[in-house]
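J.: Following UniProt numbering, the residues of the sequence shown are numbered contiguously, the last one being 380. For each residue, glycine too, the CB sits at the ideal point set by N, CA and C.
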Amino acid sequence: MKVAIVHEWFVEYAGSEKVVEQLLNIYPDADLFAVIEYLPEHHKKHIQNKKVKTTFIQKLPFVKSQYRNYIALMPLAIEQLDVSLYDLVISSSHAVAKGVITHSNQLHICYCHSPVRYAWDLYHQYLRESGLTKGIKGFIAKLILHYLRIWDLTTVNRVDFFIANSGYIAKRISKVYNREATIIYPPVNVNEFSLEEHKEDYYVTASRMVPYKKMDMIVEAFSLMPDKKLVVIGDGPDFNKIKSKVTSNIALLGFQEFSVLKSYMQKAKAFVFAAEEDFGITPVEAQACGTPVIAYGKGGASESIIHGVTGLHFREQTKESLIGAISYFESGKVKFDPLIIRENAERFSEGEFRSKIKDYISAKLPITEYQNDQYVPVTL
1 MKVAIVHEWF
11 VEYAGSEKVV
21 EQLLNIYPDA
31 DLFAVIEYLP
41 EHHKKHIQNK
51 KVKTTFIQKL
61 PFVKSQYRNY
71 IALMPLAIEQ
81 LDVSLYDLVI
91 SSSHAVAKGV
101 ITHSNQLHIC
111 YCHSPVRYAW
121 DLYHQYLRES
131 GLTKGIKGFI
141 AKLILHYLRI
151 WDLTTVNRVD
161 FFIANSGYIA
171 KRISKVYNRE
181 ATIIYPPVNV
191 NEFSLEEHKE
201 DYYVTASRMV
211 PYKKMDMIVE
221 AFSLMPDKKL
231 VVIGDGPDFN
241 KIKSKVTSNI
251 ALLGFQEFSV
261 LKSYMQKAKA
271 FVFAAEEDFG
281 ITPVEAQACG
291 TPVIAYGKGG
301 ASESIIHGVT
311 GLHFREQTKE
321 SLIGAISYFE
331 SGKVKFDPLI
341 IRENAERFSE
351 GEFRSKIKDY
361 ISAKLPITEY
371 QNDQYVPVTL
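#1: Excluding the five sequence neighbours on either side, which residues of its own chain have a C-beta within less than 7 Å of the C-beta of Lys214, listed in chain order?
#2: Can you tell me which residues form a DSSP beta bridge with Lys53?
#3: Mapping DSSP to helix, strand and coil, what is Glu285?
#4: Does the structure place the segment 28 to 38 close enough to the segment 1 to 16 that three or more beta carbon pairs sit under 8 Å?
#5: What are the boundary residues of the beta strand (DSSP E) that includes Ile90?
#6: In whole angstroms, what is the alpha-carbon distance linking residue 381 and Leu365?
#7: Please name the residue in Glu180, His103, Asn189, Ser263 whose C-alpha comes closest to that of Lys18.
#8: Going by DSSP, what residue range makes up the beta strand (DSSP E) through Val3?
#9: Look up residue 387 in the DSSP assignment and say whether it is helix, strand or coil.
#10: Assuming Ala295 and Gly311 make a contact with CB atoms under 8 Å, what is their CB distance in whole Å?
#11: In chain order, what residues of the same chain lie with their CB nearer than 8 Å to the CB of Gln371, ignoring the 5 residues before and after it?
#12: Give the DSSP-derived three-state secondary structure of Ala363 in the structure shown.
#13: Scan the segment 158 to 236 and note each continuous beta strand (DSSP E) run of 3 residues or more that stays entirely inside, going in chain order.
#14: Do the CB positions of Thr205 and Ser223 come within less than 7 Å of each other?
#15: Based on DSSP bridge pairs, tell me the residues matched to Thr296.
#16: Between the C-alpha atoms of Ala77 and Met265, what's the straight-line distance to the nearest angstrom?
#17: Look up Val260 in the DSSP assignment and say whether it is helix, strand or coil.
#18: Nearest by alpha-carbon distance to Asn191: which of Asp235, Ser327, Glu352 is it?
#19: Which value, in whole angstroms, describes the spacing of the CA atoms of Glu12 and Ser93?
#20: Quick check: what's the CA-CA separation for Gln125 versus Leu148?
#21: Could you check what DSSP says for Leu380 in three-state terms: helix, strand or coil?
#22: By DSSP, does Tyr111 sit in helix, in strand, or in coil?
#23: Report yes or no: do the segment 301 to 309 and the segment 335 to 354 share at least 3 C-beta pairs separated by less than 8 Å?
#24: What span of residues does the beta strand (DSSP E) with Phe271 cover, start to end?
#25: Starting from the C-beta of Ala251, find all residues in its chain whose C-beta is less than 6 Å away, skip the five residues before and the five after it, and write them out in chain order.
#26: Should Leu122 be flagged as near chain C, meaning a C-beta pair shorter than 7 Å?
#27: Tell me whether His103 sits in a helix, a strand or coil according to DSSP, three-state version.
#28: Rounded to the nearest angstrom, how far is the Cβ of Phe10 from that of Glu37, given a contact under 8 Å?
#29: Can you tell me the Cβ-Cβ gap for His108 and Val156, rounded? I've got them flagged as a contact below 8 Å.
#30: Can you name the start and end residues of the alpha helix (DSSP H) that Tyr328 belongs to?
#31: In whole angstroms, what separates the C-alpha of Tyr118 from that of Asp201?
#32: Comparing C-alpha positions only, which one of Ile183, Lys267, Gly299, Val293 sits nearest to Tyr212?
Set out below in structure tokens:
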């Protein structure tokens, strides 16, 4: 069986790339396709140092750092990838990968991280935060996203089956594409995080500092609780904005190596998470350390954190709501067992992901028999 794995772009090693890494562990002989590939050399081991078949966008000016500016060309580009000789096509999609063209004798399964966020759910937020609500640039951006929405819907029937990375995304797929999706949570390397039962007197939060992560809100909340210590780890466009709000009880550490991040996660009394994520890997990593998570109760965090058992959910993305959750946590009305928290994290392990994906795809493949060194569909 010939397998093709189609991904949007390889420019960093993050959540969606970890999905591709595990897909390659299941199908090590699969070929990789993407719009562009500029993965740093030290991360290429995660895709088994495979050569990625890319599109014409790979050769356009400044694409390595400005690839998102070519989003208008990506529907055309993804359709130029020829996967017609493959029996199984798996797309890892959060933008255009699911739009690869397949034919009726192929099985196309899409692992959907999200329908295109900036064209659908986050459309107005994206325009506001990018300063594109007015003017010529704003008009062009709206026109491109309008076209992208139309194209996105026309490609839905190129997919035979959808897998969603959470119930939250399954609802988006139903809303936008009117298709059902099976939920298989993304892989988390929980084995990199060891259980620590003895906690210290501080909270920790860690994330890339961009607006939707709400790191500024977390800092503002703790600035109003001077008796509670917070450690903030991460970097990004909002770093200086967040730095201006730091008070004496808050340690802003910026970017830290993995070993430092892990140590703070292990010893913290709780991990704080305020984003509305499609899934959210860091809250699971914190739980793998036996650390309870205080998180905004929407998105993937509402599924990965068991309220009152492995952490707490707060209802609104406001500092007042977060302060209320911290106060309840401090009250001692709920006791958290690090061993139970760790056990919850293990249901999102890489091994669980591989097992569920393999079983799901095997069930969807047509019945075949082996003839003359080729897989041939059995006629029933």
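T.: In short:
#1: Ala274, Ala275, Gln317
#2: Phe33
#3: helix
#4: yes
#5: 88 to 93
#6: There is simply no residue 381 to check, as the chain begins at 1 and stops at 380 in what is shown.
#7: Asn189
#8: 3 to 10
#9: This structure cannot speak to residue 387, because the chain is shown only from 1 to 380.
#10: 6 Å
#11: At Gln371 the pLDDT is 48, less than 50, meaning the model places this residue with poor confidence; the figure from the coordinates comes in the next sentence. Excluding positions up to five away in sequence, the list is empty.
#12: helix
#13: 161 to 164, 181 to 183, 203 to 206, 230 to 233
#14: no
#15: The amino acid occupying residue 296 in the given sequence is Tyr; Thr does not appear at that position. Its beta-bridge partners are Phe314.
#16: 41 Å
#17: helix
#18: Glu352
#19: 15 Å
#20: 17 Å
#21: Caution is warranted here: a pLDDT of 33 is assigned to Leu380, below 50, making its placement in the model unreliable, and no coordinate value can be reported.
#22: strand
#23: yes
#24: 270 to 273
#25: Val231
#26: Given the protein chain composition of this structure (a single chain), no chain C is represented.
#27: coil
#28: 4 Å
#29: With 8 Å as the limit, His108 and Val156 do not qualify as a contact, their Cβ atoms being about 11 Å apart.
#30: 319 to 331
#31: 39 Å
#32: Gly299
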